[in-house]
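The numbers in our numbering rise by one with no breaks, and the one at position 77 of the sequence shown is 78. Built from N, CA and C at the ideal position, the CB exists for glycine as well. A quick write-up on the structure given underneath.
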Amino acid sequence: MKVKRTQAERSEATRAALMAAARSLFAERGYAGVGTEELVRASGVTRGALYHHFDGKTDLFGAVFEEVERELAERFAAEALSKQDPWEALLAALEMFLDVCVEPEVQRIALLDAPSVLGWEAWREIEARYGLGLIKLALQNLIGAGVVEPQPVEPLAHAILGTLAEAGLYVARADDVGAARAQMGAVLRRMLEGLRSR
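Structure representation (structure tokens):
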């Protein structure tokens, strides 16, 4: 027996189709290289459906970016939680961050296009929403374990988030991404070593 989907289920399926098509196209060709008509065609929905769920292409891009950031935060948290030692957890999350900076989807959507498409303020707000809490928790764990001297966590977390954002941009924009990732990894590890209690 065929069960009819509810309006809410159809609506969610339409939104999911738009997000999936947009994510794939934005990752492949970038925001500027994808037209609204192409997004509608690739997702198999009407133009009206696009504007029912999103204010337009920019709003759809913002939703895709936020989805990417949420998934990355989950990956970083899982990687950090796989380590018993808080210092090793921080280093593991850092290595994973550098690894994702060379993934084409993350490079194009999160690092290259999001700041210019959404504007720096909106980009930074979403970055902070998903990354800042993880950084603060890592720092609190390090201070609690005596690995890092007690200090105000909030400003330090903001400084680290800003550093990571710049590191990601450096890697994403490099001609030799592999070399840039290795160089930036060494730089960030040296910087983090400076936080350790002597």
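Residues V154, A158 of the same chain have their beta carbon placed closer than 6 angstroms to that of K137, with the five preceding and five following residues left out of the count. Between V65 and M20 a beta carbon distance of about 6 angstroms is seen, short of the 8 angstroms cut, so the two are scored as contacting. Here V149 is bridged, per DSSP, to R197. Per DSSP, E13 is one residue of the alpha helix (DSSP H) stretching across 8 to 30.
Here the alpha carbons of A22 and A33 stand approximately 15 angstroms from one another.
Nearest neighbour of S12 by Cα position, chosen from F27, G63, L51, A111, turns out to be L51. Within 10 angstroms of the beta-carbon of Q108 lie 16 or more other beta-carbons, which makes it buried.
Using a Cβ distance threshold of 9 angstroms, Y171 and A183 do not count as a contacting pair. Taking the Cα of G147 as reference, the smallest distance to any Cα among F55, L196, G57 is reached at L196.
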